[in-house]
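S.K.:
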Amino acid sequence: MGCAAIAQRSMVPAMLTMPEYNVVAVASRTTEKAEKFAQQFGCEAITGYENLLARPDISAIYIPLPTGLHHTWIIQSLKAGKHVLAEKSIASDYASAEEMVALAKKNRLVLMEDFMFQYHSQHKFIFDLINKGEIGEVRVFTANFGFPPLPAGNFRYDEAMGGGALLDAAGYTVRAVHFVLGDGFTVKAANLKNDPKTGTNIYGSAFLDNGNGISAHVSFGFDHYYQGNYQIWGTRGKITADRAFTPKPDFSPLVVLEQQNQRHEYQLSPDNHFVGALREFHRTITTGTPEKHYHDVLLQSKTLDDIRRLSSM
71 MGCAAIAQRS
81 MVPAMLTMPE
91 YNVVAVASRT
101 TEKAEKFAQQ
111 FGCEAITGYE
121 NLLARPDISA
131 IYIPLPTGLH
141 HTWIIQSLKA
151 GKHVLAEKSI
161 ASDYASAEEM
171 VALAKKNRLV
181 LMEDFMFQYH
191 SQHKFIFDLI
201 NKGEIGEVRV
211 FTANFGFPPL
221 PAGNFRYDEA
231 MGGGALLDAA
241 GYTVRAVHFV
251 LGDGFTVKAA
261 NLKNDPKTGT
271 NIYGSAFLDN
281 GNGISAHVSF
291 GFDHYYQGNY
301 QIWGTRGKIT
311 ADRAFTPKPD
321 FSPLVVLEQQ
331 NQRHEYQLSP
341 DNHFVGALRE
351 FHRTITTGTP
361 EKHYHDVLLQ
371 SKTLDDIRRL
381 SSM
């Protein structure tokens, strides 16, 4: 549903490599966009999102639309009986996420937020290092995701379309906290900086605490030198995932383990986390076990809401 760059560049090509998927059709608000996209991938072009949902031969919808359009079209997709995989952030706020999850539960459908980085094999390597005690007890987690300014007119600068660094770049860092260290973190402090020209937040940071001696600091933005990493600092060492969020399928990520007077660098094998995320979506549909993804959607949206709220205090 939609001809976004991430769909064209990464997600649909990944689907076409997988026997689990049959790409039936693409829908756009304009016939020209739909036909151009459909010709590239050998599927049917549909004008109008509502006409995609009317198709009885489609069981799942991938939605890469801007976040500001998610509420309307995720709700409509769930009402039409379709499983939904939607790009991040899946919801503009917690109330919207609650409505989506409630409808997905009622209709026994999968609703999954596409933080595909979680399905890259580099993170299992990191978890194994932690479980082996290589850095001792974890004390601090730090995540950074930011990139240079986007072209003028990009929807990410449009508040009405769900733009802003909080719902875009911050989402990765918040998801990383919960993915690596678990659910029990509360936002204690936050700041957001708004662009005076657009009124949209373009960078910020937040401090989270799990109430048990572990803290997390996240930083994010649209006008930064590029970073997409996280660090886990423990009593015996530190692990750095240098390209945690956006490694391309042919990219070999670097993981660094630092201990007293020692530094170990691990250049890991490439992996396609787009395929990994799609495999998880398919697995969740076929096993009928969507509860974890419901939980993740609500936790993610609540945490982002808390950052927004605390930044205005």
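Residue numbers (the numbering used here): 71 to 383. Virtual Cβ for every residue (Gly too), placed ideally from N, Cα, C.
If we count Cβ pairs, one from each stretch, closer than 8 Å, do we get three or more for the segment 261–280 versus the segment 357–366?
M.R.: In short, these stretches do not touch, since the Cβ pair count stays below three.
S.K.: Compute the distance between the beta-carbons of F225 and Q188, then report whether it is under 7 Å.
M.R.: No.
S.K.: On the three-state DSSP scale, how would you describe A260?
M.R.: Strand.
S.K.: Label R378 either buried or exposed according to how many other C-beta atoms from any shown protein chain fall within 10 Å of its C-beta, with 16 as the threshold for buried.
M.R.: Label assigned to R378: buried.
S.K.: Distance check for A97 and F255, CA to CA, integer angstroms please.
M.R.: Each residue's alpha carbon lies about 39 Å from the other.
S.K.: Looking only at its own chain, which residues have a Cβ that is under 6 Å from the Cβ of F107, when we skip the five neighbours before and after it?
M.R.: For F107, where only same-chain residues beyond five positions count, the Cβ hits under 6 Å are C73 and V96.
S.K.: Contact check, F211 vs A314 under 8 Å by CB: the rounded distance?
M.R.: The pair is not a contact, with the Cβ atoms about 12 Å apart (cut-off 8 Å).
S.K.: Quick one: what's F215 bridged to in DSSP?
M.R.: DSSP lists F290 and G298 as partners of F215.
S.K.: Which complete beta strand (DSSP E) runs does the segment 151–188 hold, if anything under 3 residues is left out?
M.R.: Here the runs fully enclosed are 153–156 and 181–183.
S.K.: How would you write the range of the beta strand (DSSP E) that R79 sits in, first residue to last?
M.R.: Segment: none, R79 is in no beta strand (DSSP E) and carries neither H nor E.
S.K.: Could you work out which residue in G206, T142, L369 and P83 is closest to G307 when comparing CA atoms only?
M.R.: The shortest C-alpha separation from G307 is found at G206.
S.K.: Using DSSP with H/G/I as helix, E/B as strand and the rest coil, what is L338?
M.R.: Correct three-state label for L338: coil.
S.K.: Between the alpha carbons of I302 and V208, how many angstroms are there, rounded?
M.R.: Each residue's alpha carbon lies about 7 Å from the other.
S.K.: Could you tell me the alpha carbon to alpha carbon distance between D198 and N121, rounded to whole angstroms?
M.R.: Cα to Cα, the separation comes out at about 47 Å.
S.K.: Applying the criterion that 16 or more other CB atoms from any shown protein chain within 10 Å of the CB defines a buried residue, is E335 buried or exposed?
M.R.: Exposed.
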